[in-house]
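Everything below concerns the one structure shown next.
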Amino acid sequence: MLLGALAIAATVVHVHGSVRAGQVQTLYTSPAHQRIQAFAQDGDLLAWFEPSTKTRACNLVWVWQLGHGKETLPAQGPSFHNVTCLWQVPPASPVGLALASNAGAPEVLWTLRESASRVISFDYVLGATLADPSERRFQQVAHARLGAGLWLGGVAGGGTSLLYSVVDVQYRDQVACLSTPKSAHACELDVTGGGIYRIVGRKLPTAIKGAGPAVGLAVSGDDVAYLRAAPTAHPDGQPMVASDIAVEVRNVRTGALVASIAPDTTPVAIGLSGSVLAMLGSTPGGLVLSWYARDTGTPLHSMRVGKTTAPELAVGKTTIVYRNGLTIRAVDVQTHRVRTIAKAAATPIGLSIAGDRVAWAEDVGGRGRIRAVTVAP
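Right, dumping it as structure tokens:
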């Protein structure tokens, strides 16, 4: 069934020329009326999530090694049980996607959200590998309509690491909250636990030692940086970023603390490379982009960015990438020079950097496409 799907898909996939430094190239254009809902890259691998259409029954996760063929996940057919194929994915529904090249044995993690129930909302955490494309259901992260329960904090991937985070939210005093008359204070929602989980192949996820409940993750090599959830959740249960708790970098295998950074802003996004941790933070005067030495937490530089800057960062060896509206900008971590490197035609999806390639997906004119630009030194 997988080979058949690939043969059909190959007739409608268009691949364009190689990327040249400084010039935006379109790497992939989807069939008509086919959007892209999530995108990720790692090394020479690209992955994206395409929801089903009237002409194609199944949702698909595509994996493409540049210069080689494309494959789809998860495996389909009567002998495979998967929820991904027929899952209803509305345009506004968030889909998490993370990719790990894993020394030539690619692994992919994705999440699907169900929020239609009046009683409970949940996220499926799913995955597969190219070596074993059958779907693996790692966890169903569920919370009640009023907010108590487990919330998905985020997903991240790169190298040999695939991670997701979970935040446990509970009533401050459930007995008092359910009594009559209700106590507003007792009904407040607190973060009582959670953690960051690592996926290796098809094994059960393992918690990273020492890591607390996180609402934002960034991976580089064997390290993860994370934004810790605040002690008190939003009234609807949504976990929020802690403004006065250090941002930690930990080894994903051992849990050892690599660095602890006390920001002077309220973090809204982080990015991590082999040498730098970058942080986008909110202040009364606007947004500030700061970066630190990854192994020591030493501050390196900070600068103000536009108020329409999106809460997402991508960090390469010498470059930090962010976007202000549709404009994509790159910052040199040594010279602090800021350059506009591209302007997207629609809201960028999965803006990221691998080596010197900045890539993202966008939906234009009823088609999804993947675009890239090489950042020249």
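Numbering follows this note's numbering, in which position 176 of the sequence shown is assigned residue number 165; successive positions increment by one, without gaps.
C-beta atoms are modelled at their ideal positions from N, C-alpha and C, and glycine is treated no differently.
Quick caveat, the model's predicted, so the values are computed rather than measured.
The alpha helix (DSSP H) enclosing residue i, as first and last residue numbers
| i | result |
| --- | --- |
| Leu88 | Taken as a continuous stretch (DSSP letters only), Leu88 belongs to no alpha helix (DSSP H), being part of the beta strand (DSSP E) at Gly85 to Ala89. |
| Gln367 | Outside the shown range of the chain, which is -10 to 366, sits residue 367, and nothing can be said about it. |
Chain B contact for residue i (CB, 7 Å cutoff)
| i | result |
| --- | --- |
| Gln163 | Looking for chain B here will not work: only one protein chain is present. |
Separation of residue j from residue i, as counted between CA atoms
| i | j | result |
| --- | --- | --- |
| Ser264 | Val208 | 12 Å |
| Thr118 | Ala46 | 22 Å |
| Ala331 | Ile188 | 34 Å |
| Gly183 | Leu101 | 19 Å |
| Leu16 | Val144 | 25 Å |
| Arg293 | Gly286 | 20 Å |
| Arg242 | Arg191 | 17 Å |
| Gln159 | Thr44 | 43 Å |
| Asp179 | Val164 | 15 Å |
| Pro337 | Cys166 | 43 Å |
| Val108 | Ala131 | 10 Å |
| Ala258 | Val230 | 10 Å |
| Gly142 | Pro95 | 23 Å |
| Ile250 | Arg217 | 12 Å |
| Gly148 | Ser168 | 51 Å |
Local conformation of residue i per DSSP, three classes
| i | result |
| --- | --- |
| Leu141 | strand |
| Val78 | coil |
| Val241 | coil |
| Val158 | strand |
| Ala92 | helix |
| Leu178 | strand |
| Leu119 | coil |
| Val164 | helix |
| Met229 | coil |
| Ile342 | strand |
Residue burial classification, residue i (beta-carbon count within 10 angstroms, cutoff 16)
| i | result |
| --- | --- |
| Ala137 | buried |
| Pro256 | buried |
| Pro80 | exposed |
| Ala361 | buried |
| Ala120 | exposed |
| Arg367 | Coverage of the chain is limited to positions -10 through 366, which leaves residue 367 absent and any answer about it impossible. |
Extent of the continuous beta strand (DSSP E) to which residue i belongs
| i | result |
| --- | --- |
| Gln129 | Arg125 to Ala133 |
| His290 | Pro288 to Val294 |
| Leu278 | Gly275 to Ala282 |
| Ile359 | Arg356 to Thr363 |
Beta-carbon gap between residue i and residue j smaller than 7 Å
| i | j | result |
| --- | --- | --- |
| Pro122 | Ala196 | no |
| Ala175 | Arg161 | yes |
| Gly146 | Leu88 | yes |
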